[in-house]
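In my numbering, the protein residues as written are 0 to 284.
By construction, the Cβ of each residue, glycine as well, lies at the ideal position given by its N, Cα and C atoms.
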């Protein structure tokens, strides 16, 4: 039996389970782009593949029990370029179709509830968005990262409230805003990937601070204690306080976590896009 790998973040220890979902759908035509967990700690893996060159492709979403047993899949043929996934407060599934310039909100059974943006109409308002999540107040925030350098805020029923951001390196400016997360008070955290930082804003879009000492941060999540976890392309995983103090850092994956989520037990899941693999950091102390 191979001895498990152990990594730490501050005073926490984790066992590295790699790969976690050993029966992950392997077709040679797709890669897991992002992951999310629901209220029952089921894991949702969002697969990315090119429908033009790989028309068969993989199921868009694979859902796993906490035991890592495959529970079900969602094919979702209208999804062309899966990038970001999150789970809403009612376990709805929120999917970002980057190259169709839309965000889909689905009921947990996969039936459609809401669409943000207009399909195949870049600039209405999205231009290759990356990440969409529900804030503590119920609003939906979207990082619009490849064609635009903006954050968009929508009401729960899909009304655009405001947008902010522009290309650049200053406060409130972005170069590929790649992922978003929230503190418990509603402050929003943005992975400003090519600027090698994360930025924090209040829910109105007012700049609070930046946190640097990162290299192309890709995913961000906030745990139950309010710690900010950031994966970057070193590859490594860093833990910060909301004030920006570094608490811990480790190298749990070989190719970087393009997507990340945390379950109710404090276990961390990383989507290794490059090798189509989910890695779990099991909290052991």
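With DSSP as the reference, please indicate the residues paired to residue i in a beta bridge.
i, result
"residue 288", "Outside the displayed span of the chain (0 to 284) sits residue 288, for which this structure offers no information."
"residue 5", "14"
"residue 153", "139, 159"
"residue 226", "Partner(s): none; residue 226 has no beta bridge."
"residue 209", "198"
"residue 259", "269"
"residue 215", "DSSP, once it has assigned bridges, lists no residue as partnering residue 215."
So for residue i, helix, strand or coil by DSSP?
i, result
"residue 252", "coil"
"residue 16", "strand"
"residue 49", "coil"
"residue 11", "strand"
"residue 42", "strand"
"residue 182", "coil"
"residue 279", "strand"
"residue 75", "coil"
"residue 202", "coil"
"residue 295", "Nothing in the structure corresponds to residue 295, since the chain is present only between 0 and 284."
"residue 97", "helix"
"residue 235", "strand"
"residue 64", "coil"
"residue 242", "coil"
"residue 117", "coil"
"residue 193", "helix"
"residue 33", "strand"
"residue 112", "strand"
"residue 70", "strand"
"residue 173", "strand"
"residue 85", "strand"
"residue 264", "coil"
"residue 0", "coil"
"residue 247", "strand"
"residue 166", "strand"
"residue 220", "strand"
"residue 26", "Bear in mind that the predicted position of residue 26 carries a pLDDT of just 46, short of 50, making it too unreliable to give a figure here."
Between residue i and residue j, what straight-line distance do the alpha-carbon atoms span, to the nearest angstrom?
i, j, result
"residue 131", "residue 84", "7 Å"
"residue 241", "residue 196", "14 Å"
"residue 166", "residue 259", "25 Å"
"residue 221", "residue 256", "15 Å"
"residue 27", "residue 273", "Residue placement at residue 27 is poorly supported in this model, since its pLDDT is 49, which falls under 50; the coordinates are not used for a value here."
"residue 10", "residue 51", "47 Å"
"residue 102", "residue 114", "6 Å"
"residue 169", "residue 208", "11 Å"
"residue 252", "residue 64", "22 Å"
"residue 135", "residue 254", "31 Å"
"residue 105", "residue 112", "5 Å"
"residue 70", "residue 20", "11 Å"
"residue 13", "residue 282", "5 Å"
"residue 244", "residue 35", "26 Å"
"residue 73", "residue 223", "29 Å"
"residue 266", "residue 279", "7 Å"
Let me make sure I understand the geometry here. Which of the options has the alpha-carbon closest to that of residue i?
i, options, result
"residue 15", "274, 264, 76, 250", "250"
"residue 75", "64, 107, 69", "107"
"residue 91", "256, 155, 276", "155"
"residue 123", "151, 134, 139", "151"
"residue 46", "30, 36, 111", "30"
"residue 137", "61, 87, 214", "87"
"residue 144", "164, 49, 58", "164"
"residue 125", "104, 159, 109", "159"
"residue 262", "283, 33, 37, 205", "37"
"residue 214", "177, 200, 183, 153", "177"
"residue 211", "204, 198, 18, 203", "198"
The ligand MN and residue i: does the residue's C-beta get closer than 7 Å to at least one heavy atom of that ligand?
i, result
"residue 95", "The ligand content of the structure shown is nil, which means the ligand MN is not present either."
Exercise. Touch check for the segment 81-101 and the segment 114-126: three-plus C-beta pairs under 8 Å?
Worked result: Yes, they touch.
Exercise. With a cut-off of 8 Å, do at least 3 Cβ pairs link the segment 219-235 to the segment 185-196?
Worked result: yes
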